[in-house]
Amino acid sequence: MKIASFNINGIKARIEALTNWLAGADVDVVVLQEIKSVDEGFPREHFSDLGWNVETHGQKGFNGVAILSRLPLEDVSRGLPGDDSDEQARYIEATVVGDQAVRLAGLYLPNGNPVPGPKYDYKLAWMERLRHRAAELLALEMPVVMLGDYNVIPEARDAAKPEKWVDDALFLPQSRAALRAIQWQGWTDAIRIRDPWAQRGPFTFWDYQAGAWNRDDGIRIDHLLLSPQAADLMVETGIDREARAGEKPSDHVPVWVRLAA
DNA sequence: ATGGTCGAGGTTCGA
Numbered sequence: 001m002k003i004a005s006f007n008i009n010g011i012k013a014r015i016e017a018l019t020n021w022l023a024g025a026d027v028d029v030v031v032l033q034e035i036k037s038v039d040e041g042f043p044r045e046h047f048s049d050l051g052w053n054v055e056t057h058g059q060k061g062f063n064g065v066a067i068l069s070r071l072p073l074e075d076v077s078r079g080l081p082g083d084d085s086d087e088q089a090r091y092i093e094a095t096v097v098g099d100q101a102v103r104l105a106g107l108y109l110p111n112g113n114p115v116p117g118p119k120y121d122y123k124l125a126w127m128e129r130l131r132h133r134a135a136e137l138l139a140l141e142m143p144v145v146m147l148g149d150y151n152v153i154p155e156a157r158d159a160a161k162p163e164k165w166v167d168d169a170l171f172l173p174q175s176r177a178a179l180r181a182i183q184w185q186g187w188t189d190a191i192r193i194r195d196p197w198a199q200r201g202p203f204t205f206w207d208y209q210a211g212a213w214n215r216d217d218g219i220r221i222d223h224l225l226l227s228p229q230a231a232d233l234m235v236e237t238g239i240d241r242e243a244r245a246g247e248k249p250s251d252h253v254p255v256w257v258r259l260a261a
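Taken in order, the first sequence gives residues 1 to 261; the numbers are from UniProt numbering.
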């Protein structure tokens, strides 16, 4: 089972690039972030006609997450538990049924800028809620993949120019500590363990501004965290970097893991 | 050191 995450930065603007990537990526399931669409505005038929099961959790204008799957999806739930007043569409869970059942949590973690301010407070509170949910998912003792745009640069080596990010919500010590608190519950960072001692990179996001892609001025903020039962099934993982060089690209590229499931 | 791009929705905000 090949599982991917892709922040597409607008489904209407990215329908062609996403469709082309899906045709060549050989993925079974992909979680999407920043669909920037209400559920009724998502081109559901376009993807269902191509053989994808579609589950969305959208809102008007901003945010929004979705799952496309060639395999059956069960027990879909929308929204991150822990705050009934939170109306931002940033989280969706589903169980994918292959040879084994795999629980997926697709997430779009708040950006948090500017700092300080209510947006950063919301980011840290959201991460605390995610930590609680992550502990519940680990307690299932089943293969779980928690993946998406975490909007956190874990370490200095995850940025081409870390000095640019020192005052940014994506790299502040509190943000990184909150991510570590989740990881240290027992999650495996699938992309990092490909090359544990890398001194720089790999990256998953390059800003549209100032020629960041051409300078390879990237950061790693899209992550795949695997429960121990999922990590035991991991056979391959990767980043589809070439997607950033295509026509009308997103500013993020897909990240993926293949499980023997 | 400097300059500066997208998307969505509606003339501005979020990233």
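By construction, the Cβ of each residue, glycine as well, lies at the ideal position given by its N, Cα and C atoms.
Given residue i, which residues of its chain have a CB within under 7 Å of its CB, disregarding the five upstream and five downstream residues?
{"i": "residue 277", "result": "Not covered by the structure: residue 277. The range shown for the chain is 1 to 261."}
Across which residues does DSSP place residue i in a beta bridge pair?
{"i": "Ile57", "result": "According to the sequence as given, residue 57 is His; it is not Ile. Answer is Val65, bridged to His57."}
{"i": "Lys2", "result": "Arg258"}
{"i": "Leu104", "result": "Ala94 and Val145"}
{"i": "Trp206", "result": "Gly218"}
{"i": "Asp189", "result": "Leu225"}
{"i": "Asn7", "result": "Gln33"}
{"i": "Ala159", "result": "Ile219"}
Under DSSP, the alpha helix (DSSP H) around residue i begins and ends at which residues?
{"i": "Thr19", "result": "Ile11 to Ala25"}
{"i": "Glu45", "result": "Arg44 to Asp49"}
{"i": "Glu130", "result": "A small correction: the amino acid at residue 130 is Leu; Glu does not occupy that position in the sequence shown. First-last of the alpha helix (DSSP H) with Leu130: Pro118 to Ala139."}
{"i": "Ala177", "result": "Pro173 to Gln183"}
{"i": "Gln229", "result": "Pro228 to Ala231"}
Over what stretch of residues does the beta strand (DSSP E) that includes residue i continue unbroken?
{"i": "Gln33", "result": "Val29 to Gln33"}
{"i": "Ser77", "result": "Leu73 to Arg78"}
{"i": "Thr237", "result": "Met234 to Ile239"}
With a CB to CB cut of under 6 Å and the five nearest residues on each side skipped, what residues in its chain are close to residue i?
{"i": "His57", "result": "Val65, Arg78, Ala89 and Ile92"}
{"i": "Gly10", "result": "Lys36"}
{"i": "Thr188", "result": "Leu226 and Ala231"}
Taking 8 Å as the limit between beta carbons, can you name the residues of its chain near residue i, skipping five residues before and five after?
{"i": "Asp83", "result": "Ala125 and Arg129"}
{"i": "Asp167", "result": "Val115"}
{"i": "Arg200", "result": "Arg157 and Ala160"}
{"i": "Leu50", "result": "Thr19 and Leu22"}
{"i": "Asp26", "result": "Lys2"}
Q.
I'd like to know if the region 112-121 and the region 179-198 are in contact, where contact means that at least 3 CB-CB pairs between them fall below 8 Å.
A. no
**Q.** At least 3 beta-carbon pairs within less than 8 Å: the region 139-153 vs the region 92-106
**A.** yes
Q | Three or more C-beta pairs below 8 Å linking the region 158-171 and the region 212-220 | A | yes
Q. How do the region 134-142 and the region 199-215 stand: do at least 3 beta-carbon pairs fall below 8 Å, yes or no?
A. Output reads no: the region 199-215 does not touch the region 134-142.
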